[in-house]
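Chains as they are written, first to last, in the UniProt record's numbering: chain A, 1 to 114; chain B, 1 to 339; chain C, 1 to 250; chain D, 1 to 345. We treat Cβ as the ideally placed atom computed from N, Cα and C, and that holds for glycine. Below: the structure, in structure tokens.
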Amino acid sequence: MAEENITFTLPDLGEGLVEATVLEWQVAVGDTIGRNDPLVEVETTKSAVVIPSPKAGRVVELHAREEDVVPVGEPLVTFAVEVEESAPQAGIVGRVPEEEAKPKRRVRLKPPTD
Amino acid sequence: MTELIERADTTVESAVVELSMQQAINRALRVLLTEDPDVLVFGEDVGALGGVFRVTDGLQKEFGDQRVFDTPLAESAIMGMAVGLAMNGWRPVPELQFDGFAYPAVDQIVNQVARMNYRTRGAAPMPITLRLPSFGGIQAPEHHGESLEALFAHTPGLKVVAPSDPAEAYSLLLQSVRSDDPVVYMEPKARYWDRRPVRLSEPTDPIGTSRIVRPGRHATLVAWGAMVHRCVQVAELAAEDGVELEVLDLRWLKPIDAAGLAASVARTKRAVVVHEAPLTAGLGAEVAALITENCFRELAAPVQRVTGFDVPYPAGPLEPQYLPTIDRVLLAVQRTLEY
Amino acid sequence: MTVNPVEDVTMRYADLPSQDPTDDVPVLLLHGFGTDFDMNWRATGWPRVLEEAGRRAIGPDLRGHGASDKPTDPQLYLPEHFVADILAMLDELDVRAVDAVGYSMGSRLAWELALTAPERVRSLVLGGFGPVNALAGLDTARPGEGDSPFDHVYRTVAGLPGNDAEALAACVRGQAARPFREEPRPEGVPLLVAAGAKDAVAEGAAAFAGRCGGSYVEIPGRDHANAVSSRVFKQAVADFLGARGSGSGG
Amino acid sequence: MPPQESKGQGAITVEHLPPELTRRLYRDMRTARDLDTEAIALQRQGVFPAYVSVRGQEAAQVGSATALDPARDFVFPTYREMASALAYGVEMVGYMATHRALWHGGLYDVMDSRFGAINAVVGGPVPHAVGWALGERLRGDDGVAMAYFGDGASSEGDVHEAMNFAGVLAAPVIFFCQNNQWALSVPNERQVAGGSVAARAEGYGMPGVLVDGNDAGAVHTATAEAVERARNGGGPTVIEALTYRIEPHSTSDDPGRYRDEADTEHWRRRDPVVLLRAAMLEAGHADEEHFAAVDAEAARRAEQVRDGVADAPEPDGSELFTHVFRETTEELTRQHRTWQEEVEL
């Protein structure tokens with residue numbers, strides 16, 4: 001199972017907020033967490049918020065220490081995410097056609113004499 | 001890398017890279033949007049959603065919602081608007097979400113887009129490329145698996161092309177959008193997920209050129225879109241019986257490469273045309289007529305056509321029995337060998 | 001969901017059932033002044049805590065806040081009105097008793113609820129709350145313009161989207177009309193008081209907890225605005241609720 | 001006249017409605033909700049290739065369909081009107097067959113049920129309703145046509161043309177727009193210029209009504225008034241039921257890419273089934289015992305339809321060639337033989 005590093009930046013917290021202060025990390029480097037697990041507690045001028053993890057994966061790097069002020073869009077955490085050769089995702093309708101390794105047939109040909 | 005979608009550099013890559021057809025088209029759109037500020041990509045759900053097959057994924061984020069934008073749900077207005085945009089100096093690349101939903105826009109396509117340059121004696125060219133996810137093969141609901149190539153190919157003033165693999169999709173889209181003539185670019189949705197190593201390159205053959213996908217000497221299989229892959233499967237199986245079939249990817253459905261067809265059939269003496277659309281008045285009839293007219297003396301057998309039946313495109317479970325099967329193509333080949 | 005109007009003020013609430021419940025007494029979450037259920041509890045990660053504890057959570061947007069109706073008459077914001085809203089909601093959901101968890105103004109209202117309907121409150125958690133009248137030094141005619149601790153709170157929340165300044169002002173006046181008094185106390189209700197070490201609004205919380213025979217947890221390094229999302233506060237409440245257990249539940 | 005402002009805020013009341021009506025509305029809405037849940041499960045199990053949920057739109061659909069008379073009216077649906085079909089009395093295994101892709105238009109008898117074939121062309125069936133309605137007026141009958149469409153379809157030429165025709169011809173048509181605020185990934189403000197479909201009615205010479213789509217009683221009342229007006233020669237009406245598409249566009253959609261789930265959560269709290277239940281309790285139309293019985297029956301019926309459609313036989317290949325023409329052709333017979341010889345093998 002291949003792994004890929006994905007960096008997650010501080011999301012836009014709405015109401016025109018441009019930055020947030022890291023109150024307390026809910027994870028440590030090396031932790032394997034699930035999607036939506038609590039990731040980090042941050043405080044903006046408006047309120048304190050717990051940001052859920054957008055990804056399941058292993059925490060590789062925390063880009064801010066507690067009490068750091070992080071602008072929106074700046075790197076916050078890097079995950080190592082398993083990238084299994086995910087089956088391609090079908091479109092809005094229908095199914096992804098399966099590719100049989102060896103297509104089957106019943107008709108046999110006789111090569112021409114010429 | 002911080003972004004899931006790598007950034008396309010404007011210089012054309014020459015390295016071999018593994019891509020699906022979705023990604024290849026996405027790459028070509030990035031190159032076009034980057035090189036020409038007049039290019040606009042619009043249609044239903046092409047912006048934030050990134051397209052119902054993710055073909056325009058990430059474009060709005062990178063090029064902004066002035067160049068890549070969603071429109072309300074009205075196919076005729078989408079194409080009518082494209083005419084106005086073109087007359088105002090833009091190079092529109094509209095998407096109609098599904099083949100079956102193009103019909104309300106056929107009036108604008110046939111009566112306006114196709115003949116505007118003619119009617120204005122060249123004053124108002126229509127450098128429009130209509131991206132149209134087409135054909136069947138994904139067991140989609142009604143109206144989502146139609147093949148409209150005969151209608152568009154029959155329309156004077158329109159060029160029509162159908163790529164069959166990711167590399168083709170890339171270079172043919174560059175060619176289509178850069179052309180100042182209106183092009184209907186039919187994307188074989190069954191091949192969207194076809195992922196293979198490809199060398200992305202600038203288009204080399206002129207518009208209207210077909211290509212030999214697999215050489216052979218006993219008969220020529222002529223196809224386009226997803227049926228090219230089907231014919232390659234047939235040829236590989238036929239080889240086990242000692243029969244070498246040439247597979248010709250027509251690519252351009254208008255203008256059709258009559259010379260290319262003639263060159264191949266003159267050698268193989270036999271031809272089978274394969275397409276998903278129903279038989280009667282399908283584009284296969286045009287191809288068969290061209291071959292018969294140009295290779296009458298060389299032909300050892302009448303041109304065969306293996307196509308969808310003359311029935312409305314069926315529901316999912318019956319689709320495999322409607323679309324040309326490997327056995328039906330083999331039987332047609334056998335008919336030409338025994339004739 | 002919506003509860004029927006009390007004096008035609010409709011209160012909206014969220015009801016988050018637990019996937020595998022460990023206790024059939026729900027946890028009632030009462031948010032603070034100027035916020036709502038989403039901001040005070042959901043965005044701060046509380047549903048996850050209660051879900052892991054196997055507890056159903058019910059949380060209203062108190063009148064004057066969030067998606068609930070926002071009358072502007074201060075007389076409609078007396079503590080007894082809030083308590084009536086909450087009891088009407090519990091009746092509609094036919095919930096007999098709750099473990100009440102409040103924050104700031106929500107704690108004051110949880111206390112009033114326990115006083116008014118002791119049989120409906122199995123236990124009480126008062127977060128970000130202290131015995132000192134939180135509105136002390138506030139000029140209720142011009143909330144947010146002075147320098148009292150509550151003025152700062154008012155200024156922070158008044159600008160939040162979805163808040164109605166007039167309704168909030170009326171709410172302040174309604175609350176001010178009934179300053180908090182320690183007596184009488186809800187009898188026989190297990191109590192936990194928790195406050196940020198730097199929370200000026202909750203001054204004297206530790207001693208107050210002692211006087212009430214409850215337990216106290218200090219949330220290190222936190223003030224009135226950022227104590228509610230702290231892991232220490234959540235853990236303390238989870239342990240406290242766990243101790244209530246289903247044994248003694250209704 | 002400007003449509004009344006939708007009261008889509010607080011609780012709903014049904015005091016003004018007869019208990020038999022609200023009980024029927026609740027029964028059909030509850031059954032549709034359960035069938036919808038079963039259908040989503042069938043999709044997850046691979047029995048349906050895809051499914052388009054009606055969750056959250058039960059009041060708009062059952063409320064409106066119940067205002068019609070299945071003996072003389074005719075409904076022209078889109079592909080997302082399962083709850084209307086159920087309330088209108090359509091044979092539901094036949095209806096759900098389309099979601100299992102057994103036959104495009106569904107396997108129920110369209111003419112017997114007076115409920116058009118399921119239609120995936122956005123806005124396509126709306127002009128059909130005008131034609132059918134004109135057919136009634138020409139013959140002096142008093143049937144009323146109901147054309148369902150969504151906020152996305154309101155942008156289609158077909159819908160604008162049909163409304164104008166109906167206005168000119170005073171055709172007895174109800175143009176019922178379920179504005180669930182999302183046309184796949186495009187929200188209202190980028191789909192419906194002017195912000196209201198009902199407001200356009202005046203431009204087409206007919207009344208327009210905006211109604212809280214999650215208030216089953218309000219939808220029913222507004223539709224009944226419009227049906228009565230149409231039946232008495234008063235011509236067409238546009239009804240815009242403001243509701244919300246709670247589930248993704250279809251089971252293969254990913255709304256996370258284009259919308260904020262907080263909005264959905266807001267509307268999830270205005271669940272039409274729960275609203276009606278609370279209002280009926282308040283008005284004394286039913287007690288807990290009644291609801292327990294109705295809920296059990298609804299669940300049973302939903303499972304029965306689920307099993308019916310899951311066990312239905314797949315179409316046979318020969319059916320490819322049936323019903324292409326009323327009078328078949330030699331060429332088609334030849335192709336049928338080709339299929340027998342070369343495909344059926």
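Pick from A/Asp-37, A/Gly-91, A/Val-70 and A/His-63 that is closest to A/Ile-51, judged by C-alpha positions: Taking the first residue of the first sequence as position 1, residue 51 of chain A is located at position 51. Ranked by Cα distance from A/Ile-51, the options A/Asp-37, A/Gly-91, A/Val-70 and A/His-63 are led by A/Asp-37.
What residues from chain C crowd round A/Pro-38, counting only those whose CB sits closer than 7 Å? Reading the first sequence from its first residue, position 38 is the one you call residue 38 of chain A. Under a criterion of Cβ atoms nearer than 7 Å, the residues of chain C adjacent to A/Pro-38 are, in order, Gly-45 and Arg-48.
Do C/Leu-192 and C/Gly-34 come within 8 Å of each other at the CB atom, strictly closer than that value? If you number the third sequence from 1, residue 34 of chain C lands on position 34. If you number the third sequence from 1, residue 192 of chain C lands on position 192. 8 Å or more divides the Cβ of C/Gly-34 from the Cβ of C/Leu-192.
Distance, B/Arg-91 Cα to B/Lys-254 Cα: By 1-based counting over the second sequence, the position of residue 254 of chain B is 254. By 1-based counting over the second sequence, the position of residue 91 of chain B is 91. CA-to-CA, the gap between B/Lys-254 and B/Arg-91 works out to about 21 Å.
Using a 10 Å radius around the Cβ and a threshold of 16 neighbouring Cβ atoms, would you call D/Met-111 buried or exposed? Sequence index remark: in the fourth sequence, residue 111 of chain D carries index 111 (1-based). Under this definition D/Met-111 is an exposed residue.
Helix, strand or coil for B/His-275 per DSSP? Stepping through the second sequence from its first residue, residue 275 of chain B is reached at position 275. In this structure, B/His-275 counts as strand in the three-state DSSP scheme.
Alpha-carbon to alpha-carbon, C/Arg-173 and D/Ser-6: Your numbering for residue 6 of chain D matches position 6 in the fourth sequence. Your numbering for residue 173 of chain C matches position 173 in the third sequence. At D/Ser-6, the pLDDT of 39 sits below 50, so the modelled position is not reliable; the number obtained from the coordinates is stated separately. Answer to the nearest angstrom: the Cα atoms are 32 Å apart.
Looking at C/Arg-12: is its Cβ nearer than 8 Å to the Cβ of C/Pro-60? The sequence position of residue 12 of chain C within the third sequence is 12, counting from 1. The sequence position of residue 60 of chain C within the third sequence is 60, counting from 1. In contact: C/Arg-12 and C/Pro-60 (Cβ atoms closer than 8 Å).
Indicate whether D/Gln-57 and D/Thr-243 have their beta-carbon atoms separated by less than 8 Å. Here residue 57 of chain D refers to the residue found at position 57 of the fourth sequence. Here residue 243 of chain D refers to the residue found at position 243 of the fourth sequence. Contact flag set, yes.
From B/Asp-180, B/Ser-176 and B/Asp-57, pick the residue whose C-alpha is nearest to that of B/Val-87; which is it? Residue numbering aside, residue 87 of chain B sits at position 87 when the second sequence is read from its first letter. According to the sequence shown, residue 87 of chain B is Met rather than Val. For B/Met-87, the nearest C-alpha among the options comes from B/Asp-180.
Is the distance from the Cβ of D/Pro-178 to the Cβ of D/Asn-188 below 8 Å? Working through the fourth sequence from its first residue, we reach residue 178 of chain D at position 178. Working through the fourth sequence from its first residue, we reach residue 188 of chain D at position 188. The question names Pro, yet the displayed sequence has Gln at residue 178 of chain D. Cβ distance not < 8 Å, so D/Gln-178 and D/Asn-188 don't count as in contact.
Considering only residues of the same chain and omitting the five flanking positions on each side of A/Phe-8, which have a CB-CB separation below 7 Å? Locating residue 8 of chain A in the first sequence gives position 8, where the first residue counts as 1. Closer than 7 Å at the Cβ level, and outside the excluded window around A/Phe-8, lie Pro-54, Lys-55, Leu-76, Val-77 and Phe-79.
Indicate whether B/Asp-249 and B/Thr-209 have their beta-carbon atoms separated by less than 8 Å. As a working note, residue 249 of chain B is residue 249 in the second sequence. As a working note, residue 209 of chain B is residue 209 in the second sequence. At a Cβ-Cβ threshold of 8 Å, B/Asp-249 and B/Thr-209 do not count as neighbours.
Helix, strand or coil for D/Met-280, going by three-state DSSP, please let me know. As a position in the fourth sequence, residue 280 of chain D is number 280, starting the count at 1. Of the three classes helix, strand and coil, the one that applies to D/Met-280 here is helix, per DSSP.
Span of the beta strand (DSSP E) holding A/Leu-64? The count along the first sequence starts at 1 and reaches residue 64 of chain A at position 64. Before going further, note that residue 64 of chain A is Ala rather than Leu in the sequence given. From DSSP, A/Ala-64 is part of no beta strand (DSSP E); its letter is neither H nor E.
Along chain D, which residues have their Cβ under 8 Å away from the Cβ of residue 162 of chain A? No information on residue 162 of chain A is available, as it lies outside the stretch 1 to 114 that chain A covers here.
Please give me, in chain order, every unbroken run of the beta strand (DSSP E) with length at least 3 that falls completely inside the segment 163 to 227 of chain B. With a minimum length of 3 residues, the continuous beta strand (DSSP E) runs that stay inside the segment 163 to 227 of chain B are 183 to 188, 195 to 199, 211 to 214 and 219 to 223.
Using a cut-off of 9 Å between C-beta atoms, extract the partners of A/Ser-47 located in chain C. Your numbering for residue 47 of chain A matches position 47 in the first sequence. Around A/Ser-47, the beta-carbon contacts reaching into chain C at under 9 Å are Thr-35, Met-39, Asn-40, Ala-43, Thr-44, Thr-156, Val-157, Leu-160, Ala-225, Asn-226, Val-228 and Ser-229.
Look at the Cβ atom of D/Asp-36, then the Cβ atom of D/Ser-53, and state whether they are nearer than 8 Å. On the fourth sequence, position 36 is the one that residue 36 of chain D refers to. On the fourth sequence, position 53 is the one that residue 53 of chain D refers to. In contact: D/Asp-36 and D/Ser-53 (Cβ atoms closer than 8 Å).
What residues in its chain sit with their C-beta under 7 Å from that of B/Ala-150, if we drop five residues either side in the sequence? On the second sequence, residue 150 of chain B is found 150 positions in, with the first residue counted as 1. Ala-277, Ala-281, Gly-282 and Leu-283.
Would you call the CB atoms of C/Gly-196 and C/Arg-222 closer than 8 Å? Taking the third sequence and counting its residues from 1, one reaches residue 196 of chain C at position 196. Taking the third sequence and counting its residues from 1, one reaches residue 222 of chain C at position 222. Contact: yes.
Per DSSP, which residues does B/Val-247 bridge with? Please list them. Here residue 247 of chain B refers to the residue found at position 247 when the second sequence is read from its first residue. Secondary-structure assignment with DSSP links B/Val-247 through a beta bridge to B/Arg-214 and B/Leu-221.
Check C/Gly-188 in the structure and name its three-state DSSP category. Within the third sequence, numbered from 1, the residue matching residue 188 of chain C stands at position 188. Here C/Gly-188 sits in coil by DSSP.
By alpha-carbon positions, which one of B/Gln-97, B/Ala-124 and B/Thr-155 ends up nearest to B/Pro-133? Within the second sequence, the letter at position 133 stands for residue 133 of chain B. In terms of Cα proximity to B/Pro-133, the closest of B/Gln-97, B/Ala-124 and B/Thr-155 is B/Gln-97.
Kindly list the residues whose CB is nearer than 7 Å to the CB of B/Gly-47, restricted to its own chain and excluding five residues on each side of it in sequence; keep chain order. Taking the first residue of the second sequence as position 1, residue 47 of chain B is located at position 47. Cβ neighbours of B/Gly-47 beyond the five flanking positions: Gln-60, Asp-65, Val-68, Phe-69 and Asp-70.
Buried or exposed (CB count within 10 angstroms, at least 16 for buried), D/Ile-12: As a position in the fourth sequence, residue 12 of chain D is number 12, starting the count at 1. Residue environment: D/Ile-12 is assigned as buried (16 or more neighbouring CB atoms within 10 Å of its CB, all protein chains considered).
I'd like the list of long-range same chain contacts for D/His-285, defined as Cβ closer than 6 Å, with 5 residues on each side in sequence excluded. Within the fourth sequence, the letter at position 285 stands for residue 285 of chain D. Contacts found: Pro-19 and Thr-22.
Going by alpha carbons, who is nearest to D/Val-62 out of D/Ala-241, D/Gly-131 and D/Trp-267? Working through the fourth sequence from its first residue, we reach residue 62 of chain D at position 62. Cα-wise, what sits closest to D/Val-62 is D/Ala-241.
Less than 6 Å between C-beta atoms, sequence neighbours within five positions excluded: which residues of the same chain meet that for B/Ile-109? Locating residue 109 of chain B in the second sequence gives position 109, where the first residue counts as 1. So the list reads Met-79, once near-sequence residues are dropped.
C-alpha distance - D/Arg-55 paired with D/Asp-34, whole-angstrom precision: What you label residue 55 of chain D is simply residue 55 of the fourth sequence in a count that begins at 1. What you label residue 34 of chain D is simply residue 34 of the fourth sequence in a count that begins at 1. Near 10 Å, if we compare the C-alpha coordinates of D/Asp-34 and D/Arg-55.
For the beta strand (DSSP E) that contains D/Asn-179, what are its first and last residues? Translated into the one-based positions of the fourth sequence, residue 179 of chain D becomes position 179. From DSSP, the beta strand (DSSP E) with D/Asn-179 extends over 173 to 179.
Take B/Glu-298 as the anchor and find which of B/Arg-328, B/Phe-309 and B/Leu-261 has the nearest alpha-carbon. Locating residue 298 of chain B in the second sequence gives position 298, counting from the first residue. It is B/Leu-261.
Residues bridged to D/Ala-183 by DSSP? Against the fourth sequence, residue 183 of chain D aligns to sequence position 183. Per DSSP, the beta bridge partners of D/Ala-183 are D/Val-186.
Between the segment 20 to 36 of chain A and chain C, which residues of the former have a C-beta closer than 9 Å to a C-beta of the latter? Residues of the segment 20 to 36 of chain A that bring their beta carbon within less than 9 Å of a beta carbon in chain C comprise Thr-21, Leu-23, Glu-24, Gln-26 and Asn-36, in sequence order.
Within a Cβ cutoff of 7 Å, which residues of the same chain sit near C/Gln-235, ignoring the five residues on either side of it in sequence? For the purposes of this step, residue 235 of chain C is identified with residue 235 of the third sequence, where counting begins at 1. The beta carbon of C/Gln-235 sits closer than 7 Å to none of the beta carbons in its chain outside the five residues before and after it.
For the segment 55 to 68 of chain A, which residues have a CB atom closer than 9 Å to at least one CB atom of chain D, in sequence order? Listed by position, the residues of the segment 55 to 68 of chain A near chain D (Cβ gap below 9 Å) amount to none.
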